[in-house]
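Undergrad: Quick note on full-length UniProt numbering: the sequence shown kicks off at 1 and runs consecutively.
Quick one: the structure is below, and I'll ask about it shortly.
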Amino acid sequence: MTDTRPRTIRRQALPRPGVRMLAIAIAAAVALTGCQAPANDSEPDETGEAPVSVLLDWSPNPDHVALYTAQHTGAYSDAGVDVTFMTPANTADAAREVSLGRADLAISYEPDTLIAAEQGLDVVSVAALIPTSLTSLIARTESGITTAADLEGKTVGLSGLASQQPTLDFIAREAGIDPDSISAPNVQQSLNQALLTDQVDAIFGAFRNIEGVELTAQGDFVVMPATELGVPDYAELVIIANPSRLADDADYAERVRSFLAGTASGQATALDDRRAAIDSLIPETEGSYDPDVLELMIDATLALLPEDGFGQQSAEDWAAYGTWMYENGLLETEVDGSAATTNDYLP
């Protein structure tokens, strides 16, 4: 039987653009709890494998199918690395922890990587883990919201990511309505719950392959990807590294290459063997998802992954997206998006 209890959203709130610089300064002064990376000891362990610490964007979920399939099948061991996955206290941790060298790598998002670049953090995207946008507008079918124009006068719950409010404003303008006519409370980790309990008319920021699948398994909902509402496509999940360490530390650069080679192998296996993908995530997500719905989420995620060219990113696309972010208020200053990404460490 499907578990119909609402599950809280996985992505913790980030500060709004107007306060993010202050917030990052405060956060940098606060000791991290719950996701401190182990010491950066790059010496191989007794198995001869070099350690790699990876900070996730949230708890294990189908977005991480390539990672956990690689771990489950021994692909990382075959690549010569011993990988430790860590869960964060906040999604804002990713860029800061990699920039400070307290995590070797982290899973983040293209928009947030560009925001980190604007803030002067020392990060670069070395691979696209989910190479397309997942963020969606979701509403109950009975609400009558089937297009962005239907949001006029409505209440749309956000999870607080810095990019969400200006993106929603852009969507409203594209639909010909006044963004100020939309009430957008920050419900933080409770997007699904806010929608299921009628606290809001719609939610924005949920992922179509996770929350979208979970909600439609429980009732009649319409899922509208942001890219169908005028937002340009981007890589939703990316793997970020520290570019200074890549340039100055050959051992670190080699461990990043090995990790990406193992992840590429994990993705290839997941695409070729659905059962292996499911088996890799069942123990990691126990208690978080109904098993039947988890399989649907994994299928929806696998359908988004390329069969060839794991992790490939376009510098031109990143530059164009960075320009779009600046022109629409997601960045306060112009950022060269092409400098925030590299394919040099992909297998």
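Where a beta carbon is used, it is the ideal one built from N, C-alpha and C, also for glycine.
Treat the numbers as computed from the prediction; the structure is a model and nothing was measured.
Per DSSP, what kind of secondary structure is residue 163 in: helix, strand or coil?
TA: Position 163 of the sequence shown, counting from 1, holds the residue named residue 163. In the structure shown, residue 163 sits in coil (DSSP, three-state: anything other than H, G, I, E or B).
Undergrad: Taking buried to mean at least 16 other C-beta atoms within 10 Å of its own C-beta, is residue 312 buried or exposed?
TA: Position 312 of the sequence shown, counted from the first residue, corresponds to residue 312. Under this definition residue 312 is an exposed residue.
Undergrad: What's the call for residue 257, buried or exposed, on a 16-neighbour Cβ count within 10 Å?
TA: The residue labelled residue 257 in the question sits at position 257 within the sequence shown. Counting Cβ neighbours within 10 Å, residue 257 comes out buried, since at least 16 surround it.
Undergrad: Do residue 122 and residue 242 count as a contact pair if the criterion is CB distance below 7 Å?
TA: Taking the first residue of the sequence shown as position 1, residue 242 is located at position 242. Taking the first residue of the sequence shown as position 1, residue 122 is located at position 122. Taking 7 Å as the Cβ cut-off, residue 242 and residue 122 qualify as a contacting pair.
Undergrad: Counting only the same chain and skipping the five closest in sequence on each side, list residues whose C-beta sits under 7 Å from that of residue 341.
TA: Reading the sequence shown from its first residue, position 341 is the one you call residue 341. Cβ within range, chain order: 124, 125, 313, 315, 318.
Undergrad: To the nearest angstrom, report how far apart residue 156 and residue 295 are at their CA atoms.
TA: Start at 1 with the first residue of the sequence shown, and residue 156 comes out as number 156. Start at 1 with the first residue of the sequence shown, and residue 295 comes out as number 295. When rounded, the distance between both Cα atoms is 29 Å.
Undergrad: Run the CB neighbour count on residue 60, radius 10 Å, all protein chains shown included, and call it buried at 16 or more, exposed below.
TA: Here residue 60 corresponds to residue number 60 of the sequence shown, with the count starting at 1. Counting Cβ neighbours within 10 Å, residue 60 comes out buried, since at least 16 surround it.
Undergrad: Taking the Cβ atom as the reference point for each residue, do residue 362 and residue 117 lie within a distance shorter than 7 Å?
TA: No information on residue 362 is available, as it lies outside the stretch 1 to 347 that the chain covers here.
Undergrad: Run through DSSP, which three-state label would residue 342 get?
TA: By 1-based counting over the sequence shown, the position of residue 342 is 342. Coil, per DSSP.
Undergrad: What is the DSSP secondary structure of residue 79, counted as helix, strand or coil?
TA: Numbered from 1 along the sequence shown, position 79 holds the residue referred to as residue 79. Correct three-state label for residue 79: coil.
Undergrad: Would you mind stating whether residue 264 and residue 347 have Cβ atoms separated by less than 7 Å?
TA: The residue given as residue 264 occupies position 264 in the sequence shown. The residue given as residue 347 occupies position 347 in the sequence shown. Contact: yes.
Undergrad: Do residue 166 and residue 328 come within 7 Å of each other at the CB atom, strictly closer than that value?
TA: Locating residue 328 in the sequence shown gives position 328, counting from the first residue. Locating residue 166 in the sequence shown gives position 166, counting from the first residue. Cβ distance < 7 Å, so residue 328 and residue 166 count as in contact.
Undergrad: When you compare each of 190, 169, 104 to residue 181 by their alpha carbons, which one comes out closest?
TA: As a first step, residue 181 is located in the sequence shown; it is residue number 181 there, counting from the start. The candidate whose alpha carbon is nearest that of residue 181 is 169.
Undergrad: By Cβ distance, which residues of its chain are closer than 7 Å to residue 154, with the 5 residues on each side in sequence left out?
TA: In the sequence shown, counting from the first residue as 1, residue 154 sits at position 154. These residues qualify, in order along the chain: 145, 182, 201, 202.
Undergrad: Using 7 Å as the threshold, is the C-beta distance between residue 51 and residue 82 below it?
TA: The residue given as residue 51 occupies position 51 in the sequence shown. The residue given as residue 82 occupies position 82 in the sequence shown. In contact: residue 51 and residue 82 (Cβ atoms closer than 7 Å).
Undergrad: Exposed or buried, which one is residue 308 when buried takes at least 16 other CB atoms within 10 Å?
TA: To locate residue 308, count along the sequence shown from 1; it is residue 308. Looking at its Cβ environment, which holds fewer than 16 other Cβ atoms inside 10 Å, residue 308 is exposed.
Undergrad: According to DSSP, what are the bridge partners of residue 84?
TA: Locating residue 84 in the sequence shown gives position 84, where the first residue counts as 1. Answer is 53.
Undergrad: Between residue 9 and residue 137, what straight-line distance do the alpha-carbon atoms span, to the nearest angstrom?
TA: By 1-based counting over the sequence shown, the position of residue 9 is 9. By 1-based counting over the sequence shown, the position of residue 137 is 137. Interpretation of residue 9 is limited by its pLDDT of 33, a score under 50 that renders its predicted location unreliable; no figure is taken from the coordinates.
Undergrad: Report the three-state DSSP secondary structure of residue 239 (helix, strand or coil).
TA: For the purposes of this step, residue 239 is identified with residue 239 of the sequence shown, where counting begins at 1. In the structure shown, residue 239 sits in a strand (DSSP, three-state: E or B).
Undergrad: Output the distance between the C-alpha atoms of residue 267 and residue 178, rounded to the nearest integer angstrom.
TA: Locating residue 267 in the sequence shown gives position 267, where the first residue counts as 1. Locating residue 178 in the sequence shown gives position 178, where the first residue counts as 1. Their Cα atoms are separated by approximately 43 Å.
Undergrad: Would you check if the distance between the CB atom of residue 297 and the CB atom of residue 223 is smaller than 7 Å?
TA: Locating residue 297 in the sequence shown gives position 297, where the first residue counts as 1. Locating residue 223 in the sequence shown gives position 223, where the first residue counts as 1. No, they are not a contact pair.
Undergrad: Taking the alpha-carbon positions, what's the residue 252 to residue 272 distance?
TA: Here residue 252 is taken as the residue at index 252 of the sequence shown, counted from 1. Here residue 272 is taken as the residue at index 272 of the sequence shown, counted from 1. About 30 Å.
Undergrad: Which of the three DSSP states is assigned to residue 171 in this structure?
TA: One-based indexing of the sequence shown puts residue 171 at position 171. Helix.
Undergrad: Any idea what DSSP makes of residue 259, helix, strand or coil?
TA: Position 259 of the sequence shown, counted from the first residue, corresponds to residue 259. Helix at residue 259.
Undergrad: State the DSSP-derived secondary structure class of residue 125, mapped to helix, strand or coil.
TA: One-based indexing of the sequence shown puts residue 125 at position 125. Three-state DSSP puts residue 125 in a strand.
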